[in-house]
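Colleague: First residue of the sequence shown: 111, per our numbering; consecutive thereafter.
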Amino acid sequence: MCKKVLVSFLLFFLLTNVSADIMQRVDVKLNNIALRDFFSYIEKNYPYTFMYDNTEINDKERISVNERNQPIANVLASVLKDKGINYEIQGYQIILSKKNTATQKDIKQAGRKTVTGRVLDENGDPVIGANVVEKGTTNGTVTDIDGLFTLNVEDNAVLQISYIGYLVQDINSAGKNSLDIVLQEDTRTLEEIVVVGYGTMRKRDLTGSVSSIKSEDIQRSPVTSLDQAIQGKAAGVQVSQASSAPGGRVMIRVRGGNSLSSSNEPLYVVDGFPVSAGASAGGNGTAQNPLATLNTADIASIEILKDASATAIYGARGANGVVLITTKRGDIGKPRVTLDAYYGTQTLAKKLDMMNAWEYATLVNEARANDGQSPVFPNPNNPHYFPEISSLGKGVDYQDEVFASAPTQNYNLSVVGGNEGIRYSIGGGYFGQDGIIRNSDFNRASFRSNLDIKIAPTLTLNTNITASHSWANGMPSEGDGGGGTGGVVHGAIVMPASVPVYDEEGNYTMTNPTPGSTPSNNPVATVNHYKDKQEIDRFLGSVDANWEIMKDLTLKVTFGADLSTANRAFYWPKQTHRGNTKNGEANQRYRKDVSYLNENILTYNKVFGNHSINAVGGYTWQIFHYKHFEASSTGYSTDLYLADNLGAGTTYGQPGSNRSQSQLASYLGRLNYIYMDRYLFTITARADGSSKFGANNKWSFFPSFAVAWRASEEAFMKDLDWLSNLKIRVSYGKTGNQNIDNYKSLAMLGTMNYPLGGALNSGVGPNNIPNPDLKWETTATTDTGLDIGLFNNRLSLVIDYYYKKTTDLLWNISTPSSVGFGSIFKNIGSLENKGVEISLGADIFTGEFKWNTQMNWSRNRNKVLEIPGYTPSTQGTLSGHLKVNGSWLEPGLPVGVWNLLKYDGVFQDQAQLEAGPRSSANDRLGDARFVDKNGDGKINYTDDRMIVGDPNPDFIYGWTNNFSFKGFDFSVYLQGSYGNDIINIQRAETNISGPWGNQRREILNRWTPTNTNTNVPRARVTVDPLLLQSDWLIEDGSYMRVKTMTLGYTFGKIRFMNSLRVYITGQNLFTITNYSGFDPEVNSQGNSNLQLGVDYNAYPSSKAVLFGVNVSF
């Protein structure tokens, strides 16, 4: 590995020192032309660029040149002789400056002086070719390749510095002979370029709906993963945490979910390479987020393509939206080195208010008394666990035993530079995050190298390499940790404070000994001894060759590979309850994902008169390989082996392995036509052929059409000085979703047993019904948008309304028993998403004190339209031992709603109890009541349930404010969701007024004969099971969170540093919510399409304070 790195760096430095020096030879034969025409000829035919001050070139003077196979330096010397112009060749840049003919006597004359200075941009990089003029005169110069200038001026002269895309600055030079000047971007006049599928466009020319997040937005406050960079920054994009564990899973939805059974994740495209989310070994416990392998410090921009006009170019993979990730590239200039680093501490964002030992013991005895059972506190035969209640006190705080403050750190080093021959951007980084659950962590080492090599005037080679190695120590946190006993978060909440961590002999207490309690592992034993090693390696590389076939026509050929492997080994030792029951349990998992890509893209750009054409066409091919293996064993004589020697176990689990392959071939095209810079038309089409689908539907066609009218360019609006931009957009198109298993359309074979000759024999037979008609789910999208810019674009507003209808939904439909199989996977049914998105941006103050604000607001409504042949039903259960029913799926309703009983408080008096309705003949005062939906006087779950919750938010939003004054900068970012419900499975154990496990302190307000003004049921050992199938578990999940708050200060040039910024950042500082769980931003079911808004002991979120520096050299 070291040798490879050494060779790579030697090659890099060798290439970067190959310059287009003065020995480059040229042929020139021109007669009687202006000097500027000579410069244009050289730029057109050779890889050189001239930089000069227009005022220093005499257009009236004519020249003739006849040079053949001469070094460029010789030609320039001949042409510029006696012209009073100096030249300097820097790589492929030729910098011209006026010769200083002033005599020393002139310079020293009264009232004049020589001023030197340097012009930099906001990143501390030199600005090459900036105009420096003595205001009110024609006396001026331009900056050189280092941003330096020298100018003879009046003593009290005001220097005016200007450069395209930057604000003009006036600098008073009185009393100064040396100046350091930092130019600021003029965001109102700078043409914003956005990345789109297979190309780039001016933002003003877009006809589709695209949200763009730039590098400065990402890096203003520290983020560690792609999802954090996106969340709340783009309208219509919902990001929720499946786990807040270091490197944990996330769910990203663009304009809602389009599928019931296929993935709803968007397509990710990194530097033009469509990638999968990557490998994750899977299994119970904390599953890692494969997207966490990407280093956000490497990202230059993120574009989210949302409507069909923008996504149809990706055809069968565009239905869920497309996330384009562009990494940083080199530019012209000497090497610039940047270092970004921070270190901070995380703590549990919210601690649950649980009963202490005395309160829990009192509840247990009360529950047993209410059910006619004898108390267990005290128990003379077991005083260690059941002492006198008066002696208990607060007991053990298991949350304090499990959760702890944890460090996090991040370091990134990059170097950027180049010349006209080669440009480079190379970076490496390390990120380390310890989890707030003890002994959990995530680490990532990453490397990136992007090179742009100009092989010939018409041929450029681009290389893109991104590599990372991540490793983590996980903890079984989500759900119940597997088997109903292992989850650390579950144990930290449910293990009663009355139960000591250790037994009388100093061994771990294995589980809650209270009679009638739910299974719960001792979380302290798990945290200290459970081992879960996870590693993910990823390499993403591509090579692009760009050939300018002729003027305006370019061919781009790409070859690339995406390789990802994941290894996981976890072991339950005998000190844990789960490991003790199996004498140790070990598991090994391995997964490998590989894809290879070839793209061949032609691009044509032409501007003539009032017409502008951009056309893209090409052929792409991508192949995908998948491999997986897992094995397990139990029954170990010692824990020393951990999971490294499965053969040391005495009982082996059923091993599993599989491999698969799929291919995708595509033809694509897009035509953008603009007339008079105001009438815009886009036509896009893609034909995809996929091996995943049936023999009768291998290919499908995905078209889109869009028009836009830039009304602000019309003559009748030119007098509206306050209106900078007014554009109306309309688009329609179709995209697909091919995210299913590779062989769903085929008859799969599997091992099965059959009786023959009085014995059970093994054989191979079909596992499913083949479907040769299986095809893509198709989403048709209509989008209407309005882009408004006011007051020279200081205020911008973007509004979109969209309607999406997905047809040919993939679903398992039940079949008659005579078929021999229970169901068939086929295209049937439809659903819709419709919504509104609003984005608002404003430069409120633009002077020395600056204030910029960005807001976005989104509302999406989802509904299942039809599923022929399907009977509405509950979609599984949400917990192993609690049997809480999952979501309800029914046409006419949103996806993910809960169809449960409606809790109606408790029976307060005898009259109310006798009037009913009761859920059981054993109901007594203080027991739970439920709404009798059908009015039959009885509570029956099937007949009386109703829609009581919807996990889909009414709207989501984000709001960022950035302030700066002199060297100070301050930013605050708020993000939130409103109107979404959460089903809190924790409440099924901690809010039931029973001894199943420790209870929340709100249960202290339970019904008793002396406390009847409450809706909390009385204490019982046998809890009404219908309580767990009611909206007693449903809570409002609305929240508003201060996601990040950053205060920084930037110093000017300090010795060898171009700039130095120091900052402090707070993350998740506080959250406004009525949700009682750890965190309302939760989704324990990961990427399930049907189970949304579930909180089943998810890894809690943390809040953090970070200290960081940004240094450029």
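Using N, Cα and C, we set each Cβ at its ideal position, and we do this for glycine too.
May I ask which residues mark the beginning and end of the beta strand (DSSP E) holding His579?
Modeller: Along the sequence shown, read from residue 1 onward, the residue named residue 579 stands at position 469. Its beta strand (DSSP E) spans residues 569-583.
Colleague: Taking its Cβ as the centre, do 16 or more other Cβ atoms sit within 10 Å of Gln68, making it buried, or is it exposed?
Modeller: Residue numbering for the chain in the displayed model covers 111 to 1223; residue 68 lies beyond these limits and cannot be assessed.
Colleague: What are the residues that DSSP puts in a beta bridge with Asp654?
Modeller: Position 544 of the sequence shown, counted from the start, is the residue given in the question as residue 654. DSSP, once it has assigned bridges, lists Asn572, Thr668 as partnering Asp654.
Colleague: Runs of 4 residues minimum, wholly inside the segment 1007-1066: which ones carry the alpha helix (DSSP H) assignment?
Modeller: Entirely contained in the segment 1007-1066, the alpha helix (DSSP H) runs reaching 4 residues are, in chain order, 1020-1025, 1051-1054.
Colleague: Would Phe812 be called buried (16 or more neighbouring beta carbons within 10 Å of its own) or exposed?
Modeller: In the sequence shown, the residue the question calls residue 812 occupies position 702. Classification for Phe812: buried.
Colleague: DSSP state of Gly591, grouped into three classes?
Modeller: On the sequence shown, position 481 is the one that residue 591 refers to. Residue confidence is low: Gly591 scores 45 on pLDDT, short of 50, so the model does not pin down where it sits. Its coordinate-derived value is still stated next. Correct three-state label for Gly591: coil.
Colleague: Could you round the C-beta distance between Thr845 and Ala344 to whole angstroms and report it? I think they count as a contact, below 8 Å.
Modeller: Position 735 of the sequence shown, counting from 1, holds the residue named residue 845. Position 234 of the sequence shown, counting from 1, holds the residue named residue 344. Rounded, the Cβ-Cβ distance is 18 Å, inconsistent with contact.
Colleague: With H, G and I counted as helix, E and B as strand and the rest as coil, what does DSSP make of Val1215?
Modeller: Counting from 1 along the sequence shown, the entry for residue 1215 is found at position 1105. Strand.
Colleague: Measuring straight from C-alpha to C-alpha, what distance separates Phe935 and Thr894?
Modeller: The count along the sequence shown starts at 1 and reaches residue 935 at position 825. The count along the sequence shown starts at 1 and reaches residue 894 at position 784. Going by the C-alpha atoms only, they are around 35 Å apart.
Colleague: Pick helix, strand or coil for Pro1135, following the three-state DSSP scheme.
Modeller: Residue numbering aside, residue 1135 sits at position 1025 when the sequence shown is read from its first letter. In the structure shown, Pro1135 sits in a helix (DSSP, three-state: H, G or I).
Colleague: To the nearest whole angstrom, what separates the beta carbons of His687 and Asn1207, a pair I think is in contact under 8 Å?
Modeller: Here residue 687 refers to the residue found at position 577 of the sequence shown. Here residue 1207 refers to the residue found at position 1097 of the sequence shown. Not confirmed; about 16 Å, so no contact.
Colleague: Determine, using beta carbons only, whether Leu1216 and Tyr308 come nearer to each other than 8 Å.
Modeller: Numbered from 1 along the sequence shown, position 1106 holds the residue referred to as residue 1216. Numbered from 1 along the sequence shown, position 198 holds the residue referred to as residue 308. No; because the gap between Cβ atoms is not below 8 Å, this pair is not in contact.
Colleague: Please go through the same chain and pick out, in chain order, the residues whose beta-carbon is closer than 6 Å to the beta-carbon of Asn877, but skip the five residues on each side of it.
Modeller: Walking along the sequence shown from the start, residue 877 turns up at place 767. For Asn877, where only same-chain residues beyond five positions count, the Cβ hits under 6 Å are Met858, Gly860.
Colleague: Starting from Lys716, trace the alpha helix (DSSP H) both ways and give me its first and last residue.
Modeller: What you label residue 716 is simply residue 606 of the sequence shown in a count that begins at 1. That residue, Lys716, is in no alpha helix (DSSP H); its beta strand (DSSP E) goes 695-718.
Colleague: Hey, is the segment 1131-1143 in contact with the segment 1094-1113, meaning 3+ C-beta pairs nearer than 8 Å?
Modeller: Touching, yes.
Colleague: Is it a yes or a no for the segment 1042-1062 touching the segment 1071-1085, going by three-plus beta-carbon pairs under 8 Å?
Modeller: Output reads no: the segment 1071-1085 does not touch the segment 1042-1062.
Colleague: Please classify Asp829 as buried or exposed, where buried requires at least 16 other C-beta atoms within 10 Å of its C-beta.
Modeller: Counting from one through the sequence shown, the residue named residue 829 turns up at place 719. When all chains shown are included, Asp829 counts as exposed.
Colleague: I need the boundaries of the alpha helix (DSSP H) containing Asn282, first residue and last residue.
Modeller: Here residue 282 corresponds to residue number 172 of the sequence shown, with the count starting at 1. No alpha helix (DSSP H) contains Asn282, which is instead part of the beta strand (DSSP E) from 279-282.
Colleague: Taking the Cβ atom as the reference point for each residue, do Ser608 and Leu502 lie within a distance shorter than 8 Å?
Modeller: Looking up residue 608 in the sequence shown gives position 498. Looking up residue 502 in the sequence shown gives position 392. Cβ atoms of Ser608 and Leu502: closer than 8 Å.
Colleague: To the nearest angstrom, how far is it from the Cα of Gly428 to the Cα of Leu665?
Modeller: Here residue 428 refers to the residue found at position 318 of the sequence shown. Here residue 665 refers to the residue found at position 555 of the sequence shown. Cα to Cα, Gly428 sits roughly 24 Å from Leu665.
Colleague: Could you name the residues of the same chain whose beta carbon sits closer than 6 Å to that of Val817, not counting the 5 residues immediately before and after it, in chain order?
Modeller: As a working note, residue 817 is residue 707 in the sequence shown. Here the set comprises Phe791, Val840.
Colleague: Counting pairs of Cβ atoms below 8 Å between the segment 669-686 and the segment 630-647, do you hit three or more?
Modeller: Because the criterion of three Cβ pairs below 8 Å is met, the segment 669-686 and the segment 630-647 touch.
Colleague: Pull the bridge partners of Asp642 from the DSSP assignment, please.
Modeller: Within the sequence shown, numbered from 1, the residue matching residue 642 stands at position 532. Bridge partners of Asp642: Phe680.
Colleague: Between Tyr521 and Phe541, what straight-line distance do the alpha-carbon atoms span, to the nearest angstrom?
Modeller: Working through the sequence shown from its first residue, we reach residue 521 at position 411. Working through the sequence shown from its first residue, we reach residue 541 at position 431. If I take the Cα positions, the gap works out to 6 Å.
Colleague: Bridge partners of Gly860, per DSSP?
Modeller: Taking the first residue of the sequence shown as 1, we reach residue 860 at position 750. DSSP, once it has assigned bridges, lists Gly875 as partnering Gly860.
Colleague: Determine the DSSP secondary structure at Arg1111, reduced to helix, strand or coil.
Modeller: The sequence position of residue 1111 within the sequence shown is 1001, counting from 1. Three-state result, Arg1111: helix.
Colleague: By DSSP, does Val637 sit in helix, in strand, or in coil?
Modeller: Here residue 637 refers to the residue found at position 527 when the sequence shown is read from its first residue. Val637 falls in the helix class under three-state DSSP.
Colleague: Among all the DSSP beta bridges, which residues are the ones paired with Lys208?
Modeller: Residue mapping note: residue 208 aligns to position 98 of the sequence shown, counting from 1. Its beta-bridge partners are Ile195.
Colleague: For Glu244, write down the residues that DSSP places opposite it in a beta bridge.
Modeller: Walking along the sequence shown from the start, residue 244 turns up at place 134. The partner list for Glu244 (beta bridge, DSSP) reads Leu269.
Colleague: Work out the CA separation of Ser924 and Tyr980 for me, nearest whole Å.
Modeller: As a working mapping, residue 980 is identified with position 870 in the sequence shown. As a working mapping, residue 924 is identified with position 814 in the sequence shown. Rounded to the nearest angstrom, the two C-alpha atoms are 8 Å apart.
Colleague: Are His494 and Asp613 close, meaning C-beta to C-beta below 8 Å?
Modeller: Your numbering for residue 494 matches position 384 in the sequence shown. Your numbering for residue 613 matches position 503 in the sequence shown. Yes, the pair counts as a contact, with Cβ atoms nearer than the cut-off.
Colleague: In angstroms with no decimal places, state the Cα-to-Cα distance between Asn179 and Thr892.
Modeller: For the purposes of this step, residue 179 is taken as the residue at position 69 of the sequence shown. For the purposes of this step, residue 892 is taken as the residue at position 782 of the sequence shown. Approximately 59 Å, taken between the alpha carbons.
Colleague: As a quick exercise: from Glu413, Met361, Ser350, Gln351, pick the residue whose alpha carbon is nearest that of Asp381.
Modeller: Indexing the sequence shown from 1 puts residue 381 at position 271. Measuring from the Cα of Asp381, the nearest candidate turns out to be Glu413.
Colleague: Decide if Lys416 is buried, meaning its Cβ has at least 16 other Cβ atoms within 10 Å, or exposed.
Modeller: To locate residue 416, count along the sequence shown from 1; it is residue 306. Lys416 should be labelled buried.
Colleague: Helix, strand or coil: which one does DSSP assign to Ala344?
Modeller: For the purposes of this step, residue 344 is taken as the residue at position 234 of the sequence shown. In this structure, Ala344 counts as coil in the three-state DSSP scheme.
Colleague: How big is the Cα-Cα spacing for Leu1157 and Gln329?
Modeller: Position 1047 of the sequence shown, counted from the first residue, corresponds to residue 1157. Position 219 of the sequence shown, counted from the first residue, corresponds to residue 329. Answer to the nearest angstrom: the Cα atoms are 13 Å apart.
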